[in-house]
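Trainee: Chains as they are written, first to last, in the numbering used here: chain A, 585 to 894; chain B, 805 to 1296. Input: one structure, supplied below.
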Amino acid sequence: MTLLLDAVLCVLLLGTALAAVLGRGVFRAIVFFIVYGLLLSVGWVRLEAVNVALAEAAIGAGLTGILLLTTYGKLTRVSAEAEPDDAGVNLPVALVSVAVAGALAWAWSVLPEPTRPRAELAEALPRAGVENPVTAVLLSFRAWDTLLESVVLLAALIGLWLLGRDEDWQQRLGVPQHARPGGIMTSFGRVLPPVGFLVGVYLVFIGADEPGGAFQGGTVLAAVGLVAALAGLIQPPRIGQWQWHAGLVLGPLVFLLAGVAGALSDSGFLGYPEAIAGTAILVIEAALAASIAVTLAFLVIGPPEKGHRE
Amino acid sequence: MTALLALLVVPLFGALAAIALSGRAAGVAVWAATLVTVAAALALVFPVGPPGIVTLELGGWAPPLGIALAADGLSVALIVMSALVMLGAGLAAHHSIGPAGEGGRMAFGFWPLMLLLWAALNAVFLSRDLFNLYVGIELLSLAAVGLVAIDGKARAYAAAIRYLVYALAGSLLYLGGVVLTYAAHGTLDMGLLAARSPAVSDGLALALMTAGLMAKTALFPFHVWLPPAHGSAPAPASAMLSALVPKASFVILLRLWLEAMPDRASDGALLLLALLGVSAVVWGSLRAIAQTRLKLVVAYSTVAQIGYLFVVFPLVGATGGDLTFRSDAWNGLVLLILSHGLAKSAMFLTVGQWMNVTGSDAFDRLRGLAVAMPISVFGFALAAVTLAGLPPSGGFTAKYLIMTAAFVSGQWVWALVMAGGGLLAAIYLYRPMAALFARSAPPETITVSTSRQLVPLALATASIALGFLAAGLLEMLPSGLPGPLAISGEGS
């Protein structure tokens, strides 16, 4: 039975991937890409990598999907030519892609079966302060990677804001949204955010011991903000409103300060004393989730544009 | 140790402050972070002075679980060069783009991106962990793409998007190789990888990582993104992008081939890298000769100069027999990276100042500037001397060391490339120099003060001084040559 399920999943994954790459039309490609991401997260669950599955569903399928759809919407607004002519397959790109895929398939066939859990991890995990090994890797063993990743998001957001026009710089962020009062979007905007907020906060807090964490929870929180903005319940801010800027930097700042505090004590940069490691990680995760939520929401909303109602 | 930590965290603190604060506070924070980071870079020179390498295991977790950083001679050389270039670019941007926290879009974007770029550079130069390096070059690429787009014109956006596509494709290929390496060996640490028992998939992993890093380094034929990107960015950004950003991915390449997997560095593979380098020298120079805008000449010159770096691979990676020449080749390579970085940043800053005055970088608009702006023209000329490899510059000493190594090793063909490339550089730099020194009425108003003209002159002077100081400098960087054949304490 499980074999059948896996076989069907593999066929669907390949099918949606091919449809996204080879199919006609940008919109269809985006839809297939989102479906592919959701199927992929099911695949991660089958591989017992629930953390990755959550991240794939939230960021790979959800957030990337909405970014692509927003871009598509903007392109169709700018010109009717958003659908490119059917240019056919780009042969050099296709050949390189097939070659790389073939090489990776070969490597997969010759690589050894992974042993898990690794001895070093099993030995170190009790000292990390959290039970979820993924959180231990992200926030403790390889915290420097995660710290830099959280800053990468900021670099991306600044890059995006730079795409705004000079004359619109003081305007509110994003395309103005007009939701009909009493319409479906407005009702959604009232029902979904409280539920989403609870789910997001839960994902952050459960991340210490069970699958979840700052990135997954932050993405859900970003979605909450976006639904409220789409429903017209909150107005997107302007660049320069200090509360929002503080929200953007809170997570990386708390992370950095914790790291430096470790360096000043005996634990070393980005090390936490064993007694308070669990608490420290939770505080960092909560701050990171807040900043990730604000950053991701701003990435979807886009650079400042004119035309907002005041 | 403190200096090493400061190099990692201070630019990040500065970037966060530049985002969160506004007005004067932002400007003060940015400059405080800049000066502290420069001081930390200089302080790092001393503990690394003979003997030894400063290492740090982050969070107290040793590899393979944790991430190890190490400052060796190569790291320190590049970190100090980055600090000088950043200081120069920051001073130039303070006037041409505007202080942090004041003004509009450009000033808001430039300062955080500059500091994030700097943090990423320091992180990459210090890290010995393949995945951490991936995160580092991701941050580097995103900040760099933002700096290209900062100009706000359609041409800059097009160049930024093209750069982004190349950089992301490069990241993916590199990440693919990292995944294969981890799957085969269960570690990402270069030190542990050097002691691994080879796996059949290592060749593929190294090939994928190399291809990805070549795209990010803009090695021919993956260079097509570089000239429009460096040509469209504002001058202080171009200075950082050309002097520093390609060097980060190149350093990872060096460490991969010489430190992590020297056993896979077959003669054929090294020859292939060198031949791509030769193609880059020839093609980049020919394209530079064909340009009519100075900024594009300088940008194509970067394509050619990156080629030299790859030409040195068969010399530093040689195995078997008498290998004393490797040390010369290595020292020459490090000097070449430094002198190119200093000279190229000086060039972009001078071109930026001239564009401020004349409104264009077309050759015929530069006529007579030698009279009107002698200081910055002198800076450009000094930088040109280094790029063409004429004595007594850092570029000359670097090429001299490499050519000596090439003759001693019997691979004299690489010496021909070094000399021929210098000749081509002299040709493509002749036309702008001729225009600058042409007898012509200079522009009426010079809006660039003398003190601002001194900034690029200082960088260019440093690139010349490298030629004089080479012996002492190389003695301070004894832990240079990586790999099992490391020779310590041998200067030129």
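Even glycine gets a Cβ: it sits at the ideal position worked out from N, Cα and C. Quick caveat, the model's predicted, so the values are computed rather than measured.
The segment 725 to 740 of chain A: which residues have C-beta closer than 7 Å to a C-beta of chain B, in chain order?
Mentor: Cβ contacts with chain B come from F725, R726, A727, W728, D729, L732, E733, V735, V736, L738, A739 and A740.
Trainee: Between M833/B and L839/B, which are expected to be in contact by the criterion C-beta below 8 Å, what is the C-beta distance as a whole number of angstroms?
Mentor: For the purposes of this step, residue 833/B is identified with residue 29 of the second sequence, where counting begins at 1. For the purposes of this step, residue 839/B is identified with residue 35 of the second sequence, where counting begins at 1. In the sequence under discussion, the amino acid at residue 833/B is Ala, which differs from the Met named in the question. Actually they are not in contact, since the Cβ atoms of A833/B and L839/B sit about 11 Å apart, beyond 8 Å.
Trainee: Rounded to whole angstroms, what's the CA-CA distance from T654/A to G609/A? Just pull it up for me.
Mentor: Indexing the first sequence from 1 puts residue 654/A at position 70. Indexing the first sequence from 1 puts residue 609/A at position 25. Distance between the alpha carbons of T654/A and G609/A is about 16 Å.
Trainee: When the Cα of L840/A is compared with those of D850/A, V759/A, L787/A and V867/A, which residue comes out closest?
Mentor: As a first step, residue 840/A is located in the first sequence; it is residue number 256 there, counting from the start. The shortest C-alpha separation from L840/A is found at V867/A.
Trainee: Whole-angstrom Cβ separation of I1250/B and V1120/B, contact assumed at under 8 Å?
Mentor: Along the second sequence, one-based indexing puts residue 1250/B at 446. Along the second sequence, one-based indexing puts residue 1120/B at 316. About 46 Å separates the two Cβ atoms, so there is no contact after all.
Trainee: To the nearest angstrom, how far is it from the Cα of L832/A to the Cα of G827/B?
Mentor: The residue given as residue 832/A occupies position 248 in the first sequence. The residue given as residue 827/B occupies position 23 in the second sequence. Roughly 18 Å between the two C-alpha positions.
Trainee: For chain B, find out if any of its Cβ atoms is closer than 7 Å to the Cβ of D752/A; answer yes or no.
Mentor: To locate residue 752/A, count along the first sequence from 1; it is residue 168. Not closer than 7 Å to any Cβ of chain B, the Cβ of D752/A fails to qualify, so no.
Trainee: Can you name, in chain order, every residue of its own chain whose Cβ lies under 7 Å from the Cβ of R1000/B, other than the five neighbours on each side?
Mentor: Position 196 of the second sequence, counted from the start, is the residue given in the question as residue 1000/B. Taken in chain order, the residues that qualify are H989.
Trainee: With three or more C-beta pairs closer than 8 Å as the rule, is the segment 728 to 736 of chain A touching the segment 699 to 719 of chain A?
Mentor: Touching, no.
Trainee: Exposed or buried, what is H762/A when buried is set at 16 or more other beta-carbons lying within 10 Å of its beta-carbon?
Mentor: Position 178 of the first sequence holds residue 762/A. The residue is exposed, with fewer than 16 neighbouring Cβ atoms inside 10 Å.
Trainee: Using a Cβ-Cβ distance under 7 Å, would G870/B count as near chain A?
Mentor: Looking up residue 870/B in the second sequence gives position 66. It does: the Cβ of G870/B has a partner Cβ on chain A nearer than 7 Å.
Trainee: Consult DSSP for V952/B and reduce its assignment to one of helix, strand or coil.
Mentor: On the second sequence, residue 952/B is found 148 positions in, with the first residue counted as 1. Residue state, collapsed to three classes: helix.
Trainee: Below 9 Å on C-beta distance, what does F912/B contact in chain A?
Mentor: If you number the second sequence from 1, residue 912/B lands on position 108. Simply I742, W745, L746, W753, I823 and G824.
Trainee: What do you reckon, are the CB atoms on I1300/B and N926/B nearer than 7 Å?
Mentor: Any question about residue 1300/B goes unanswered here, given that chain B covers just 805 to 1296.
Trainee: I768/A: buried (16+ other C-beta within 10 angstroms of its C-beta) or exposed?
Mentor: Reading the first sequence from its first residue, position 184 is the one you call residue 768/A. Exposed: under 16 other Cβ atoms inside 10 Å.
Trainee: Where do the ends of the alpha helix (DSSP H) carrying V858/B lie?
Mentor: Here residue 858/B corresponds to residue number 54 of the second sequence, with the count starting at 1. Segment V858 to E861 is the beta strand (DSSP E) holding V858/B; no alpha helix (DSSP H) there.
Trainee: Write down every uninterrupted run of the alpha helix (DSSP H) in the segment 651 to 715 of chain A whose length is 4 residues or greater and which is fully enclosed by it, in chain order.
Mentor: The segment 651 to 715 of chain A contains these whole alpha helix (DSSP H) runs: 675 to 694 and 703 to 708.
Trainee: If we cut at 7 Å on Cβ distances, does P1040/B have a partner in chain A?
Mentor: Sequence index remark: in the second sequence, residue 1040/B carries index 236 (1-based). Answer no: the Cβ-Cβ gap between P1040/B and chain A never drops below 7 Å.
Trainee: Less than 8 Å between C-beta atoms, sequence neighbours within five positions excluded: which residues of the same chain meet that for Y961/B?
Mentor: Counting from 1 along the second sequence, the entry for residue 961/B is found at position 157. Excluding residues within five positions, the ones whose Cβ falls inside 8 Å are A953.
Trainee: For chain A, is any of its Cβ atoms less than 7 Å away from the one on S1149/B?
Mentor: As a working mapping, residue 1149/B is identified with position 345 in the second sequence. Not an interface residue.
Trainee: Assuming the contact rule is C-beta atoms closer than 8 Å, L811/B and I883/B should be a hit. Round their C-beta distance to whole Å, please.
Mentor: As a first step, residue 811/B must be located in the second sequence, where it is residue number 7. As a first step, residue 883/B must be located in the second sequence, where it is residue number 79. Yes, L811/B and I883/B are in contact; Cβ-Cβ is about 6 Å, under 8 Å.
Trainee: Put D1165/B into one of helix, strand or coil per three-state DSSP.
Mentor: Start at 1 with the first residue of the second sequence, and residue 1165/B comes out as number 361. It is coil, neither helix nor strand.
Trainee: Of all Cβ atoms in chain A, is any one closer than 7 Å to the Cβ of N926/B?
Mentor: Taking the first residue of the second sequence as 1, we reach residue 926/B at position 122. By this cut-off, N926/B is not an interface position.
Trainee: Identify the contact partners of S851/A in chain B, using a Cβ-Cβ distance below 9 Å as the criterion.
Mentor: For the purposes of this step, residue 851/A is taken as residue 267 along the first sequence, with counting starting at 1. Near S851/A (Cβ distances below 9 Å), the residues of chain B are G863 and G864.
Trainee: Any C-beta of chain A sitting closer than 7 Å to the C-beta of I1250/B?
Mentor: Here residue 1250/B refers to the residue found at position 446 when the second sequence is read from its first residue. It does not: the Cβ of I1250/B has no partner Cβ on chain A nearer than 7 Å.
Trainee: So F1153/B and A1003/B are supposed to be a Cβ contact under 8 Å. How far apart are they, rounded?
Mentor: As a working note, residue 1153/B is residue 349 in the second sequence. As a working note, residue 1003/B is residue 199 in the second sequence. Here residue 1153/B turns out to be Leu, not Phe, going by the sequence shown. That belief does not hold up - the Cβ atoms of L1153/B and A1003/B are roughly 47 Å apart, past 8 Å.
Trainee: Between the segment 1256 to 1268 of chain B and the segment 1187 to 1204 of chain B, do three or more beta carbon pairs fall short of 8 Å?
Mentor: The segment 1256 to 1268 of chain B vs the segment 1187 to 1204 of chain B: in contact.
Trainee: Based on the DSSP secondary-structure assignment, which residues constitute the bridge partners of D933/B?
Mentor: On the second sequence, residue 933/B is found 129 positions in, with the first residue counted as 1. Per DSSP, D993/B.
Trainee: Below 7 Å CB to CB, which residues in the same chain sit around G1145/B once its five sequence neighbours on both sides are set aside?
Mentor: Residue mapping note: residue 1145/B aligns to position 341 of the second sequence, counting from 1. Only M885, V889, A1047, L1048 and K1051 meet the Cβ criterion.
Trainee: Under the rule that 16 or more other beta-carbon atoms within 10 Å means buried, what is T985/B, buried or exposed?
Mentor: Numbered from 1 along the second sequence, position 181 holds the residue referred to as residue 985/B. So T985/B ends up on the buried side.
Trainee: Taking only beta-carbon atoms, is G831/A less than 7 Å away from chain B?
Mentor: Numbered from 1 along the first sequence, position 247 holds the residue referred to as residue 831/A. No, its Cβ sits nowhere closer than 7 Å to a Cβ of chain B.
Trainee: Once DSSP output is grouped into helix, strand and coil, what is the label at R822/A?
Mentor: By 1-based counting over the first sequence, the position of residue 822/A is 238. Looking at R822/A - three-state DSSP - the assignment turns out to be strand.
Trainee: DSSP three-state call for R756/A: helix, strand or coil?
Mentor: As a first step, residue 756/A is located in the first sequence; it is residue number 172 there, counting from the start. It is a strand residue.
Trainee: What does L526/A touch in chain B if you count any residue whose Cβ is under 9 Å from its own?
Mentor: This structure gives no information on residue 526/A, because the portion of chain A shown stretches from 585 to 894.
Trainee: Roughly how many whole angstroms lie between the Cα atoms of P855/B and W1087/B?
Mentor: Here residue 855/B refers to the residue found at position 51 of the second sequence. Here residue 1087/B refers to the residue found at position 283 of the second sequence. Its pLDDT being 49, under 50, P855/B is placed unreliably in this model, and the value from its coordinates should be taken loosely. Near 41 Å, if we compare the C-alpha coordinates of W1087/B and P855/B.
Trainee: Using 8 Å as the Cβ pair cut-off and three pairs as the minimum, do the segment 795 to 814 of chain A and the segment 870 to 890 of chain A touch?
Mentor: Judged by Cβ distances under 8 Å, the segment 795 to 814 of chain A makes contact with the segment 870 to 890 of chain A, as three or more pairs qualify.
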